[in-house]
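Residue numbers (the working numbering), protein chains in the order written: chain A, 1 to 114; chain B, 115 to 327.
Written out as structure tokens, the structure reads:
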């Protein structure tokens, strides 16, 4: 359910940026969501579709890039990536000491405007 | 026309959270964002903790619920300042909700502000409200599988209060497994085992809380 608040934040931030840049219509928005965030892309999409009606983003497509969890293992020193929402041990060597480097993003990347 | 935005989606929330933190820090208040599922025992734990902290640290409470004032009434009867937020359907508290109620609390008379979030094991973990620390309650009746099913809250919390340990013989939850999985997700997690019904385990929790600055 927190996807509704997140969609609202995306909508507010992009609308403000669009108007400030001197444009009046948002065509598309690209966002980057880490898999570790616990944000469901389908629910985010649904919330955004519900919010955008009769706004400057009414025709906007939301493009969600999901970033897998990844990092570097302190045991085997190799980089890793997983499709899970969390990681307890290095998929290669099993070490539980590692550094997470991606997968917790929640960013707006850019947008197309008219 | 392409416009680069490149900002955190929750930037507005995080900015207000930063302002809240500044206000609380200026007043010398340590703040705790207390999270957990509905029925885990968040309010019951406060009913034990607040009298135990009495005399050591002055507490204040913000109660977050979708509707109703029952929790605030329970805290109010303990004689400490409390304000109720009704989110009207929202599944978590956000920084702006906290900012709006801060003027309603006697901040000069509070050492520890406990913000009891909406009962939910998922959404509150994403939203900073300006707290010094996130803590969570998990009751053994919810089952030992919860850390791996709801990893984010365990990762974001600094303390895990495992409640209802008096029910262990009846619910068959594996306490060792809760500890092992929670620590695997978050090696720095401080874990307490309590029963808000019997009072067991509250001495160490109270001592730890009263030392937080």
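Think of the CB as a built atom: it goes at the ideal place given N, C-alpha and C, for glycine as much as any other residue.
Beta-carbon proximity of residue 81(A) to residue 68(A), cut-off 9 Å
Taking the first residue of the first chain as position 1, residue 81(A) is located at position 81. Taking the first residue of the first chain as position 1, residue 68(A) is located at position 68. Their beta carbons are under 9 Å apart, which means residue 81(A) touches residue 68(A) by this criterion.
Minimum length 3: unbroken beta strand (DSSP E) runs contained in the stretch 7-49 of chain A
26-34
Do we get a CB-CB distance below 9 Å when we pair residue 239(B) with the residues of chain A?
Against the second chain, residue 239(B) aligns to sequence position 125. Interface residue, yes.
Which residue from 118(B), 246(B), 260(B) puts its Cα closest to that of residue 20(A)?
The residue you call residue 20(A) lines up with position 20 of the first chain. Nearest option by C-alpha distance: 118(B).
Is residue 119(B) helix, strand or coil when you go by DSSP?
Your numbering for residue 119(B) matches position 5 in the second chain. If DSSP states are grouped into helix, strand and coil, residue 119(B) belongs with the strands.
Rounded C-alpha distance that separates residue 300(B) from residue 114(A):
Here residue 300(B) corresponds to residue number 186 of the second chain, with the count starting at 1. Here residue 114(A) corresponds to residue number 114 of the first chain, with the count starting at 1. Roughly 46 Å between the two C-alpha positions.
Mind checking residue 74(A): buried by the 16 CB within 10 Å criterion, or exposed?
As a first step, residue 74(A) must be located in the first chain, where it is residue number 74. So residue 74(A) counts as exposed.
Confirm, please, whether the CB-CB distance from residue 17(A) to residue 111(A) is below 9 Å.
Stepping through the first chain from its first residue, residue 111(A) is reached at position 111. Stepping through the first chain from its first residue, residue 17(A) is reached at position 17. Yes, they are a contact pair.
Does the stretch 256-267 of chain B touch the stretch 55-68 of chain A, meaning 3 or more C-beta pairs lie closer than 8 Å?
no
Just checking, does the stretch 216-229 of chain B make contact with the stretch 168-175 of chain B on the three C-beta pairs under 8 Å criterion?
yes
Those runs of the beta strand (DSSP E) which lie wholly inside the stretch 169-209 of chain B and span at least 3 residues
173-179, 196-200
Could you say which of 245(B), 230(B), 272(B) lies nearest to residue 296(B) if we only look at CA atoms?
Against the second chain, residue 296(B) aligns to sequence position 182. Of 245(B), 230(B), 272(B), the residue nearest in Cα terms is 272(B).
Chain-ordered chain A contacts of residue 251(B) [CB-CB under 7 Å]:
Counting from 1 along the second chain, the entry for residue 251(B) is found at position 137. The premise fails here: residue 251(B) is roughly 18 Å from chain A at the closest Cβ pair, so nothing lies under 7 Å.
Any Cβ of chain A within less than 9 Å of the Cβ of residue 204(B)?
One-based indexing of the second chain puts residue 204(B) at position 90. Answer yes: the Cβ-Cβ gap between residue 204(B) and chain A drops below 9 Å somewhere.
Taking beta-carbon pairs under 7 Å, can you tell me which members of the stretch 86-104 of chain A lie near chain B?
86, 88, 96
With a threshold of 9 Å between beta carbons, is residue 106(A) in contact with chain B?
Taking the first residue of the first chain as position 1, residue 106(A) is located at position 106. Yes, because at least one Cβ of chain B sits closer than 9 Å to the Cβ of residue 106(A).
Taking the C-alpha atoms as reference points, what is the distance between residue 51(A) and residue 7(A)?
As a first step, residue 51(A) is located in the first chain; it is residue number 51 there, counting from the start. As a first step, residue 7(A) is located in the first chain; it is residue number 7 there, counting from the start. One C-alpha to the other measures close to 8 Å.
Proximal residues of chain B, C-beta to C-beta of residue 82(A) below 8 Å:
Along the first chain, one-based indexing puts residue 82(A) at 82. Simply none; closest approach about 12 Å.
Can you find at least 3 beta carbon pairs, one from the stretch 125-138 of chain B and one from the stretch 85-93 of chain A, that sit closer than 8 Å?
no
Give the C-beta separation of residue 4(A) and residue 28(A) to the nearest angstrom, bearing in mind that I take them to be a contact with Cβ-Cβ under 8 Å.
Taking the first chain and counting its residues from 1, the one referred to as residue 4(A) is at position 4. Taking the first chain and counting its residues from 1, the one referred to as residue 28(A) is at position 28. Not quite, the Cβ-Cβ distance comes to about 20 Å (not below 8 Å), so this is no contact.
Answer yes or no: does any C-beta atom of chain A fall closer than 9 Å to that of residue 139(B)?
In the second chain, the residue the question calls residue 139(B) occupies position 25. Taking Cβ atoms only, chain A never reaches closer than 9 Å to residue 139(B), which makes this a no.
Could you tell me which residues DSSP puts in a beta bridge with residue 82(A)?
In the first chain, counting from the first residue as 1, residue 82(A) sits at position 82. Answer is 69(A).
Start and end of the alpha helix (DSSP H) containing residue 156(B)?
As a first step, residue 156(B) is located in the second chain; it is residue number 42 there, counting from the start. Residue 156(B) -> alpha helix (DSSP H) spans 156-167.
Pick from 243(B), 160(B), 237(B): whose alpha carbon is nearest that of residue 136(B)?
Start at 1 with the first residue of the second chain, and residue 136(B) comes out as number 22. When each option's Cα is compared against that of residue 136(B), the closest is 243(B).
Would residue 12(A) pass as an interface residue toward chain B - the criterion being a Cβ-Cβ separation below 9 Å?
On the first chain, residue 12(A) is found 12 positions in, with the first residue counted as 1. With 9 Å as the cut-off, residue 12(A) counts as an interface residue toward chain B.
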